[in-house]
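S.K.: In order, the protein sequences belong to chains A and B. For the first sequence, the numbering used here gives the first residue as 150, with consecutive numbering after it. For the second sequence, the numbering used here gives the first residue as 765, with consecutive numbering after it. Supplied in structure tokens, the structure appears directly below.
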Amino acid sequence: MSKSLNNYAIIASNLTKFYGDLLAVDHVNFRVRRGEIYGFLGPNGAGKTTTIRMLCGLTRISYGDAFIFGYNVRRESARVKSIIGVVQDISNLYMELSCFDNLMFCAEMYGVPKSERKKRTLELLEFFGLLERREAKFKELSKGLKRRLVIAAAMVHRPHVLFLDEPTIGLDVKSKRQIWRLIRELNDKGLTIFLTTHNIYEAFNLCDRIAIINKGKIIAEGPPAELRKKVGGEKVLEIQTSPIVKDIKIFANLRGVVNARIERGVYHIVVNDIVLALEEILHVIKRYNLDIISISLRGADAEEVFIKLIGESE
Amino acid sequence: MKEVSIFGDLTKALYIAKKDIREYYLKPPTISWGLVFPVAFTLAFILKGGRGIGDLIPGLITMALFFGTTSMASASIVFERKIGSFERLLLFPISYTGIAIGKTLGSFFFGLVSLMTIMLVILPLVLNMYFYSLLLILVLMLSALMFSALGVFISFLIKDPTYTMMIFNSIRFPMIFLCGIFIPVSSFPLPLRIIALLLPLTYSVEAVRYSLYHNYDIIPPTISILIIVLTTIVLIVLTSIKIKQSIP
């Protein structure tokens, strides 16, 4: 591997996974720079978890190669495992062990020197706000605290790269925000973070760069701002009417409209020709005898970018 | 995983065993099948009494060891695979053989707990006996390792955790009757004798019998010990292959 390639934390080259005849990941290529937060965003079943599992050695690579800090994932798996921390999409630490003992066990397994284990464990418990619960058994923790401990467990050996598979799945808003803050703080310390998520907001607000994956293929990649540009001059019209017509097709098929959805009683209509679309929309409103309660125009948000890119790939 | 050192792997295997001891020793299936059942079984025979009870001692000791180790193996592995925490072990820098040894050691130590409990129960029967104590300790240790390795291997074959005890018991109970615990293997018809020779428990019963009574039924102690050691190695290798194959 050349020196320039060594500057990357992760390199995936034609990474491919077949489960029998099913192609789960299809010749995926990406490079993650050292010190960045790289997000893998996609709908359920897109191939996110399979990709992360291949990089961590939990799933065999069918074809292609992957390198982490220059080490080949297939041939140097023990070296790779010693420099990565992995947080799976389930909180799978040991139920009967205390927070302290869980971290100590992980430190032992990662070969953290005996003289440092206790210090490192206490340091992490403090950083993740678990010091007071150090003697609590893992099974006694709330979902949010479990998630925090699982991330702490992946950090005991000071990894170069932290893999997070759906780090906030199933958490309440408060716990989600705490996890996002911790991820940012870890990244500020220089840690490279690779995360998979189907939460668009999480990806667009947390990541330096995002790859959008659908049906095993990367369909777009870049910083969030660049991905927003990909939807060009598209705008979103948010209209509230009385009464509400639940059949969204009345707006979705109009000229100048890219797509439309209804959410909590508000039509979100993505348009690429505002004048034409507005003319058509007002015509429909008149035809259905609807009263406009509110109408506003804004730029495309992360969700619209995601929907558009996924839609184009299909 | 060639980059992992043997010493480092063995140390980590001990950490896995230590973790399993703390995590699973008090789990209901471990206690009920690994401690309560062998004790109840042994007490039933002792309370029934009779002249032949002495002949059953090797079998009862071996059976306690067998149930203790295999119950612990099934509890730790099947449960961890069910809740996904077994995958954590695959994320650590340790070889598959290291994981197999670690899991085997966890069950081994619980087997010794079962053994000690049974020893206390049968103490009045063996107090006045003269036996090869060092050989007995060696045979029991090696047997505990072999049964643990067997339990670990079977646990990795089980796909649906709800069938664990059914599968384990459908293997364990026939073995009790086929391996010379109650009836000497030499009295079996030829087909059953062949089956008995294929079962690892037979060799343990024979070696324990020799240690206690200085005689054996059909297998000399050296052969029994050799087969116990070889079986243990083969089972650990097979388990590490099975772990590797479990990666999709």
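Cβ coordinates follow ideal geometry from the N, Cα and C atoms, glycine included. Just so we're clear, the structure is a prediction, and the values are computed from it rather than from any experiment.
Does any residue of chain C have a CB that is nearer than 8 Å to the CB of residue 776 of chain B?
M.R.: The structure shown contains no chain C; its protein chains are A and B.
S.K.: What is the DSSP secondary structure of residue 180 of chain A, counted as helix, strand or coil?
M.R.: Counting from 1 along the first sequence, the entry for residue 180 of chain A is found at position 31. Residue 180 of chain A falls in the strand class under three-state DSSP.
S.K.: Provide the residue span of the alpha helix (DSSP H) that contains residue 299 of chain A, from first to last.
M.R.: If you number the first sequence from 1, residue 299 of chain A lands on position 150. Note, residue 299 of chain A: alpha helix (DSSP H), 292-302.
S.K.: Determine, using beta carbons only, whether residue 838 of chain B comes closer than 8 Å to chain A.
M.R.: On the second sequence, position 74 is the one that residue 838 of chain B refers to. Look at residue 838 of chain B: its C-beta is not under 8 Å from any C-beta on chain A.
S.K.: If we ignore side chains and look at the alpha-carbon of each, how far apart do residue 221 of chain A and residue 373 of chain A end up?
M.R.: Position 72 of the first sequence, counted from the first residue, corresponds to residue 221 of chain A. Position 224 of the first sequence, counted from the first residue, corresponds to residue 373 of chain A. Rounded to the nearest angstrom, the two C-alpha atoms are 29 Å apart.
S.K.: If we define contact as Cβ-Cβ less than 8 Å, is residue 950 of chain B a contact residue for chain A?
M.R.: Residue 950 of chain B sits at position 186 when you count from the first residue of the second sequence. Not closer than 8 Å to any Cβ of chain A, the Cβ of residue 950 of chain B fails to qualify, so no.
S.K.: Tell me which residue opens and which closes the alpha helix (DSSP H) that residue 840 of chain B is part of.
M.R.: Taking the second sequence and counting its residues from 1, the one referred to as residue 840 of chain B is at position 76. Residues 817-847.
S.K.: Tell me, please, which residues DSSP counts as bridged to residue 389 of chain A.
M.R.: Along the first sequence, read from residue 1 onward, the residue named residue 389 of chain A stands at position 240. In DSSP, residue 389 of chain A forms a bridge with A/443.
S.K.: Say whether chain A places a C-beta atom closer than 8 Å to the C-beta of residue 779 of chain B.
M.R.: If you number the second sequence from 1, residue 779 of chain B lands on position 15. Yes - at least one Cβ of chain A is within 8 Å of the one on residue 779 of chain B.
S.K.: I'd like the ranges of any alpha helix (DSSP H) spanning at least 4 consecutive residues and lying wholly in the region 191-252 of chain A.
M.R.: 197-205, 226-232
S.K.: Is it true that the region 786-793 of chain B meets the region 830-846 of chain B, where meeting means three or more beta-carbon pairs spaced less than 8 Å apart?
M.R.: yes
S.K.: So, does the CB of residue 792 of chain B fall closer than 8 Å to a CB anywhere in chain A?
M.R.: Taking the second sequence and counting its residues from 1, one reaches residue 792 of chain B at position 28. For residue 792 of chain B, the answer is no, since every Cβ of chain A falls outside 8 Å of its Cβ.
S.K.: Do the region 855-872 of chain B and the region 770-778 of chain B meet, that is, are 3 or more Cβ pairs less than 8 Å apart?
M.R.: yes
S.K.: Any C-beta of chain B sitting closer than 8 Å to the C-beta of residue 261 of chain A?
M.R.: The sequence position of residue 261 of chain A within the first sequence is 112, counting from 1. No, residue 261 of chain A does not count as interfacial toward chain B.
S.K.: Going by Cα to Cα distance, which pick from A/429, A/436, A/360, A/404 is closest to residue 459 of chain A?
M.R.: Position 310 of the first sequence, counting from 1, holds the residue named residue 459 of chain A. With distances taken between CA atoms, residue 459 of chain A lies nearest to A/360 out of A/429, A/436, A/360, A/404.
S.K.: Helix, strand or coil, according to DSSP, for residue 415 of chain A in the structure here?
M.R.: Here residue 415 of chain A corresponds to residue number 266 of the first sequence, with the count starting at 1. Residue 415 of chain A: strand per DSSP, three-state reduction.
S.K.: Please name the residue, chosen from B/854, B/881, B/785, that lies closest to residue 829 of chain B on a Cα-to-Cα basis.
M.R.: In the second sequence, counting from the first residue as 1, residue 829 of chain B sits at position 65. Nearest of B/854, B/881, B/785 to residue 829 of chain B, Cα basis: B/881.
S.K.: List, in order along the chain, the chain A residues whose C-beta lies closer than 7 Å to that of residue 856 of chain B?
M.R.: Locating residue 856 of chain B in the second sequence gives position 92, where the first residue counts as 1. 230, 258, 259, listed in chain order.
S.K.: Within 10 angstroms of the Cβ of residue 352 of chain A, are there 16 or more other Cβ atoms? Answer buried if so, exposed if not.
M.R.: Residue mapping note: residue 352 of chain A aligns to position 203 of the first sequence, counting from 1. It counts as buried.
S.K.: Is residue 314 of chain A helix, strand or coil when you go by DSSP?
M.R.: As a working mapping, residue 314 of chain A is identified with position 165 in the first sequence. Strand, per DSSP.
S.K.: Alpha carbon to alpha carbon, how far is residue 949 of chain B from residue 1009 of chain B?
M.R.: Mapped onto the second sequence, residue 949 of chain B falls at position 185. Mapped onto the second sequence, residue 1009 of chain B falls at position 245. Roughly 37 Å between the two C-alpha positions.
S.K.: Only counting the same chain, and skipping five residues up and downstream in sequence, which positions put a Cβ closer than 7 Å to that of residue 196 of chain A?
M.R.: Mapped onto the first sequence, residue 196 of chain A falls at position 47. The answer, listed in chain order, is 173, 174, 362, 365.
S.K.: Tell me the rounded alpha-carbon separation between residue 850 of chain B and residue 300 of chain A.
M.R.: One-based indexing of the second sequence puts residue 850 of chain B at position 86. One-based indexing of the first sequence puts residue 300 of chain A at position 151. Taken atom to atom, the span from the alpha-carbon of residue 850 of chain B to that of residue 300 of chain A is near 17 Å.
S.K.: Residue 997 of chain B: buried (16+ other C-beta within 10 angstroms of its C-beta) or exposed?
M.R.: What you label residue 997 of chain B is simply residue 233 of the second sequence in a count that begins at 1. Label assigned to residue 997 of chain B: exposed.
S.K.: With DSSP collapsed to three states, give me the class of residue 166 of chain A.
M.R.: Within the first sequence, residue 166 of chain A is the residue found at index 17, counting from 1. In this structure, residue 166 of chain A counts as strand in the three-state DSSP scheme.
S.K.: Distance cutoff 8 Å, beta carbons only. Does residue 227 of chain A sit that close to anything in chain B?
M.R.: Numbered from 1 along the first sequence, position 78 holds the residue referred to as residue 227 of chain A. It does; some Cβ of chain B falls within 8 Å.
S.K.: Would you list, in sequence order, the uninterrupted beta strand (DSSP E) runs of no fewer than 3 residues that lie entirely inside the region 315-363 of chain A?
M.R.: With a minimum length of 3 residues, the continuous beta strand (DSSP E) runs that stay inside the region 315-363 of chain A are 341-346, 358-363.
S.K.: Going along the chain, which residues of the region 347-369 of chain A sit with their C-beta nearer than 7 Å to a C-beta in chain B?
M.R.: Hits within the stretch: zero.
S.K.: Taking 8 Å as the cut-off, does the region 417-429 of chain A touch the region 399-407 of chain A (at least 3 CB pairs, one atom from each stretch)?
M.R.: yes
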